[in-house]
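Residue numbers (my numbering): 554 to 725.
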């Protein structure tokens, strides 16, 4: 257990370093940071403009990536045993030219998919580059197609695909 106040830059930096080292060991628990709000512990990240944000964001993605990979393995095995044709989408990460990291998943057309909750969702388009859209925007426009499964980490079942008009709206 690592504890630091959200206003303690030095404490948070030390905590992030120790957590990153712990994630390298076999069977780490988590690299997620939590904050007590009222009576609940909720996942926490420093504000995006905070110099420590990139470290904490990377720890978050490493932890969630590991959790989603283990979950994917179990769900793939379960669907195979049951003879169900469900695509369990991977939780993937990318680093941009500035060194910022974010997660994304691929929403497949024509097959039931279990999407991990990621920073962005990629849609394949005929003859073009994938359309990458922020999760919140996707959920705002397409929540009728997305059913939470009550898992940890959460996945959303999608049995449809956005219409051409919806894809156009997502790209605006």
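Virtual Cβ for every residue (Gly too), placed ideally from N, Cα, C.
What do you reckon, are the CB atoms on residue i and residue j nearer than 7 Å?
i           : j           : result
residue 666 : residue 656 : no
residue 668 : residue 658 : yes
residue 711 : residue 691 : no
residue 695 : residue 717 : no
residue 616 : residue 565 : no
residue 646 : residue 605 : no
If you draw a straight line from the alpha carbon of residue i to that of residue j, how long is it in whole angstroms?
i           : j           : result
residue 707 : residue 680 : 31 Å
residue 603 : residue 572 : 18 Å
residue 626 : residue 595 : 26 Å
residue 684 : residue 588 : 34 Å
residue 639 : residue 563 : 46 Å
residue 598 : residue 578 : 23 Å
residue 713 : residue 697 : 10 Å
residue 593 : residue 663 : 39 Å
residue 560 : residue 583 : 22 Å
residue 676 : residue 629 : 22 Å
residue 642 : residue 719 : 21 Å
residue 631 : residue 722 : 36 Å
residue 686 : residue 569 : 29 Å
residue 623 : residue 644 : 11 Å
residue 580 : residue 567 : 21 Å
residue 682 : residue 725 : 15 Å
residue 709 : residue 699 : 6 Å
residue 619 : residue 601 : 23 Å
residue 689 : residue 590 : 22 Å
residue 678 : residue 693 : 20 Å
I'd like to confirm the pairing. Which residues does DSSP put opposite residue i in its beta bridges?
i           : result
residue 687 : 673
residue 692 : Its beta-bridge partners do not exist; DSSP assigns none.
residue 570 : Residue 570 is not bridged to any residue.
residue 647 : 655
residue 596 : 587
residue 678 : According to DSSP, residue 678 bridges with nothing at all.
residue 709 : 668, 701
Checklist entry - Taking three-plus beta-carbon pairs below 8 Å as touching, is the region 606–616 in contact with the region 624–635? => result The region 606–616 is not in contact with the region 624–635.
Checklist entry - Is there contact between the region 645–652 and the region 698–718, where contact requires at least three CB pairs shorter than 8 Å? => result For the pair of segments examined, the region 645–652 was found not to touch the region 698–718: the number of CB pairs separated by less than 8 Å stays below three.
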